[in-house]
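Shown next, in structure tokens, is the structure this report addresses.
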Amino acid sequence: MNFRKEGSGKVKVLHAVQTEIPSEISTDNADQFGEFLSRTIRSHDISTTSVIFMVGRERAFLHQLAIPASPEGEVANLVRFQLAQELPFAIEESTIDYIVTAHNDAGAVIGVLAAAVQTEYIDFLRHLARSAGLTLKRVGLRSYGNFMAVKTADYLDGGLYLFADLGLSGLEIDILSKEGGLVYSRSAGLSDEKVLATPLKQVFLEQAILQVKRTLHAQAYLAGTPDSRPRSIIVSGCTGWEREFLDAICNELNLSGKVFELPNNASVENSSAFIAGYGIACAQYRPRQEHFDFLVPKKAIDPQAVRTRQIRLAVAVVAAIMILAAILTHSKVSEKEKELKQLNARSREMDKELVAFRKFVHQTGKVNEWGTRKVNWLDEIKSLTQLLPGTEKMYVKHMFLTESPSGEYRAEITLEGQAKSRQIIDQLAKTLSDTGRYEVVPGPQITLQGDDYPENFKLNLKVSKADGEGTPTTGPASELSKDQKTTPSKMNKSEV
582 MNFRKEGSGK VKVLHAVQTE IPSEISTDNA DQFGEFLSRT IRSHDISTTS
632 VIFMVGRERA FLHQLAIPAS PEGEVANLVR FQLAQELPFA IEESTIDYIV
682 TAHNDAGAVI GVLAAAVQTE YIDFLRHLAR SAGLTLKRVG LRSYGNFMAV
732 KTADYLDGGL YLFADLGLSG LEIDILSKEG GLVYSRSAGL SDEKVLATPL
782 KQVFLEQAIL QVKRTLHAQA YLAGTPDSRP RSIIVSGCTG WEREFLDAIC
832 NELNLSGKVF ELPNNASVEN SSAFIAGYGI ACAQYRPRQE HFDFLVPKKA
882 IDPQAVRTRQ IRLAVAVVAA IMILAAILTH SKVSEKEKEL KQLNARSREM
932 DKELVAFRKF VHQTGKVNEW GTRKVNWLDE IKSLTQLLPG TEKMYVKHMF
982 LTESPSGEYR AEITLEGQAK SRQIIDQLAK TLSDTGRYEV VPGPQITLQG
1032 DDYPENFKLN LKVSKADGEG TPTTGPASEL SKDQKTTPSK MNKSEV
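Under the working numbering, the first residue of the sequence shown carries the number 582, and numbering increases by one thereafter.
Right, dumping it as structure tokens:
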């Protein structure tokens, strides 16, 4: 069968030929059978240099596997490990491939359909292709080709389908599902013992129906339920008796069915004979994990090889970056030199600004230090006057202010004035002492007769350095002299 690819992964069959193999040609002899294959291709004017072979179900060990959730790079090792204990031949002598059938929600692989073929047979197919003068492109699985063909041709809907592909020496029987793929598959040889006594067609039909019934029983047993009944049957083959077989099996099993025909290939005679080839041709355009290829089977990713590739890639990237950096550096040398000169000039300007700034900081520090030492007499007097009683009780005639920055006290204040009674003077001394800011030293007191304010008093106040209640919070006011006397005129009774 010669074909070409069309859109949506489908193929167009260009030329399909069936030919009888002469009895003197042994299909087990690669040289002899290869020469016959080459002559047949040339005689039918088929222009091709490559070939795809299929492995029949009778030569393949097929098994559905559930595996621990794994990335695709690790699946091959898990498949090989699980099949090692189930193969009927040594795993070292086998070629194993698989298709992915299930993923979990995280995208990891949890189910595969695995197939194993003896490597000796794959080597035979390589020899056969060389003998025919062709390049072996791929080796697929015939049973999976059947499934891909009926799926691509839209023969499958929901549920299970029984599929039978008829050949004179045997048949392949599959259980197919649109969702589950190749659910079950087996091959059955047809006995040659009754051929001499019975017409060949009748023998073939009887034995084929018997094998289909056995397949259904085996599939129901493996599925664990007798209700896994197919909804329809699909028949293909190269015998020419496919229609009679379909009628007989549908009547026997009370099923509906169809004979497969290649889609859009009405000119191909007995097109159902090429179903597997059509399916294998369609499958090769699917993603790698969705078809079998025993010529180049899927293999586990070698971590060391991955690391080697990553190192080589990293070295290449670093080298490319270095080359690019060198080119960019060379092209921008003059620009960088100009920028460097500008930066140097700016640096010199900033050095000058830094010297001026340091002088300013030094001067500011001196001012702050001066402000810390000086007494803010305006705020001090304001705080003091708020503690004095009203003029209806007393008034101040003189106030002497003296700084003591290096002494035990911050400043000294002397009040001289007149009061209406000694009790008022004593109460004032107590009020000032209770603030904790002033230490009061009473001076001499003289009583004058016939005056509204008969008690003449003098109080010395020593201002503490510790901040307390009533401490002035504003900056220093205009500086008074270190020893300055304020001598207000006699105050009226509404102001201090």
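Virtual Cβ for every residue (Gly too), placed ideally from N, Cα, C.
What does a CB cutoff of less than 6 Å around T1068 pick up in its chain, not counting 5 residues either side in sequence? In this predicted model, T1068 has a pLDDT of only 42, less than 50, meaning its place in the structure is not dependable; the value taken from the coordinates is given anyway. Hits under 6 Å: H979.
One question on the structure: do G721 and H872 come within less than 8 Å of each other, judged by their Cβ atoms? yes
For E667, count the other beta carbons within 10 Å of its own beta carbon; 16 or more makes it buried, fewer makes it exposed. Which is it? exposed
V598 - DSSP class collapsed to helix/strand/coil: coil
Can you grab the Cα-Cα spacing for the pair L1009 / Y1019, in whole Å? 12 Å
Any heavy atom of the ligand FMN within a distance shorter than 7 Å of the CB on A901? Within the structure as shown, the ligand FMN is missing, as the structure has no ligands at all.
From what residue to what residue does the alpha helix (DSSP H) around V656 run? E653 to L664
Continuous alpha helix (DSSP H) stretch holding E701: start and end: T700 to S712
Mind checking who A745 pairs with in its DSSP beta bridge? I754 and V816
Per-residue burial, N1079 [other beta carbons within 10 Å of its own, 16 or more giving buried]: This structure does not reach residue 1079, given that the chain is present from 582 up to 1077, and the question cannot be answered.
Does the Cβ of A579 have 16 or more other Cβ atoms within 10 Å, making it buried, or fewer, making it exposed? Here the chain covers residues 582 to 1077 and nothing more, so residue 579 does not appear.
Is the beta carbon of Q870 sitting closer than 8 Å to the one on E653? yes
Are the beta-carbon atoms belonging to N727 and I856 less than 8 Å from one another? yes
Report yes if the C-beta distance between F617 and I633 is below 8 Å; otherwise report no. no
Ignore the nearest five residues each way along the sequence and tell me which others in L827's own chain have a CB closer than 8 Å to its CB. I814, V816, G838, K839 and V840
Since A769 sits in a beta bridge, which residues does DSSP pair it with? L752
3-residue-minimum beta strand (DSSP E) runs that sit fully inside the region 903 to 950, ordered along the chain: none
Looking only at DSSP bridge pairs, what is A650 linked to? Answer is none; A650 lacks a bridge partner.
Euclidean distance between Cα positions of V898 and Q891: 10 Å
Span of the alpha helix (DSSP H) around V731: R723 to T733
Does DSSP put T630 in a helix, in a strand, or in coil? coil
Burial state of N957, where buried means 16 or more other Cβ atoms lie within 10 Å: buried
Using the C-alpha atoms, what's the distance from T608 back to S675? 21 Å
What number of angstroms, rounded off, separates the C-alpha of L968 from the C-alpha of S1014? 11 Å
Within a Cβ cutoff of 6 Å, which residues of the same chain sit near I1027, ignoring the five residues on either side of it in sequence? N1037
Would you list the residues sitting across from E1020 in a DSSP beta bridge? K1043
I'd like to know whether the C-beta atoms of L741 and W822 end up nearer to each other than 8 Å. no
Find the nearest neighbour of R707 within the set L959, M635 and A864, judged by alpha-carbon distance. M635
Member of N851, A710, T796 and K880 whose CA lies at the smallest distance from the CA of A611: A710
Which residue from E973, S619, E787 and F981 puts its Cα closest to that of I962? F981
Quick check: what's the CA-CA separation for E984 versus E993? 6 Å
Nearest to T716 (by Cα), restricted to the options I677, S631 and V793: S631
Can you round the beta-carbon distance between L843 and Y859 to whole angstroms, since I take them to be within the 8 Å contact cut? 6 Å
Buried or exposed (CB count within 10 angstroms, at least 16 for buried), Q800: buried
Should G971 be labelled buried (16 or more other beta-carbon atoms within 10 Å of its own) or exposed? exposed
Quick one: does S624 have its CB under 8 Å from some CB of chain D? This model lacks chain D altogether, as it is built from one protein chain only.
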